[in-house]
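A short worksheet on the structure shown next.
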Amino acid sequence: MIEILTPDQIDRARVTGGLVGDILHGIKERVKPGTNLLEIDAWAKDMILGAGAESCYVDYAPSFGRGPFGHYICTAVNDAVLHGRPRDQRVVAGDLLTLDLAIKTSGVAADAAISFTVGGGAHAENDPLITATQEALAAGIEAAQPGARIGDISAAIGDVLTGAGYPVNTEFGGHGIGTTMHQDPHVSNIGRGGRGYRLRPGLMLAIEPWVMVDTDELKVDEDGWTLRSATGCRTAHTEHTVAILESGNEILTHPTR
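In UniProt numbering, the protein residues as written are 1 to 257.
Following this line, the structure appears as structure tokens:
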């Protein structure tokens, strides 16, 4: 299903998106070497419920997962990149941590992800990966204009990622979002411009470039959820929810602070 939202729903999505951004960046500020992934999940739960929002993850049970996800945020460390299920693990300085969060308020969802180095500072192994996903996201958003096509977004993202020397997995990518978290259309992270669904005002997309250093293949962790690079290489993932408007587009998941 491809959902076109009303102006009122877009207004509500702005509130949801701002909350997503605030929670993600609020957690980032609290993470330090020694923080436990389960502690991060508890912070997310308190912040989501304290804001009167609804988690899109706790009861989420798609065909590619093993039962309900059962947690409030995805936490992926180093070689983990997608659907990272929080577990009893403490991060250390230099770890590459990805936080992915989707919530719903007033019946409308928003979804975003950030990757960063635990402990801050420059890190030769992490920085190019994170930068590539951020630049690819910016290119994809720039291409997401009314009248453009999904393939234009995919091509823009893919040009940045492959230009940086990274292989691109096509199993998982961005997606439509609205009154539910995952909708059509699928937004691949590589593709051909001028193809696919034509973007219309009222469409919302979660655009999410992610990369692995030396492979495009994934393996599933024993928890049945966490997706890791097949070679054990590091990964990064950056995501925003974007609304297509008559005049262009709007990023909805920037933090409000």
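Yeah, the Cβ is synthetic: ideal placement off N, Cα and C, and Gly gets one too.
Just so it is clear, the structure is predicted and the values come from calculations on it, not from any experiment.
- In the DSSP assignment, Trp210 forms a beta bridge with His237.
- Pro185: member of the beta strand (DSSP E) spanning 183-187, first to last residue.
- Counting C-beta pairs closer than 8 angstroms gives fewer than three between the segment 12-29 and the segment 224-235, which falls short of the contact rule.
- Here Met1 carries a coil assignment [DSSP, helix/strand/coil].
- Between Cys74 and Leu101, the alpha-carbon positions lie close to 6 angstroms from each other.
- In the DSSP assignment, Thr131 falls within the unbroken alpha helix (DSSP H) covering 127-143.
- Between the segment 57-65 and the segment 9-20 there are fewer than three C-beta pairs closer than 8 angstroms, too few to call the two in contact.
- A residue is called buried once 16 or more other Cβ atoms fall within 10 Å of its Cβ, and Lys104 is buried on that count.
- Distance check between Asp214 and each of Leu199, Glu208, Ala236, Ala51 places Ala236 closest, using alpha-carbon atoms only.
- If you look at Ser154, you'll find it in the alpha helix (DSSP H) that goes 150-163.
- In the three-state reduction of the DSSP assignment, Glu171 falls in the coil class, being assigned neither a helical nor a strand state.
- Leu199 is not a Cβ neighbour of Gln134, given a cutoff of 9 angstroms.
- Secondary-structure assignment with DSSP links Met204 through a beta bridge to Ala243.
- In this structure Thr162 touches Ile190 by the C-beta definition: roughly 7 angstroms separates them, less than 8 angstroms.
- Closest option to Met47, judged by alpha-carbon separation, among Pro68, Val81, Tyr72, Asn36: Tyr72.
- The segment 121-139 and the segment 160-178 touch, with three or more beta-carbon pairs separated by less than 8 angstroms.
- Around Val92, the same chain offers Pro33 as residues with beta carbons nearer than 6 angstroms, after the five sequence neighbours per side are excluded.
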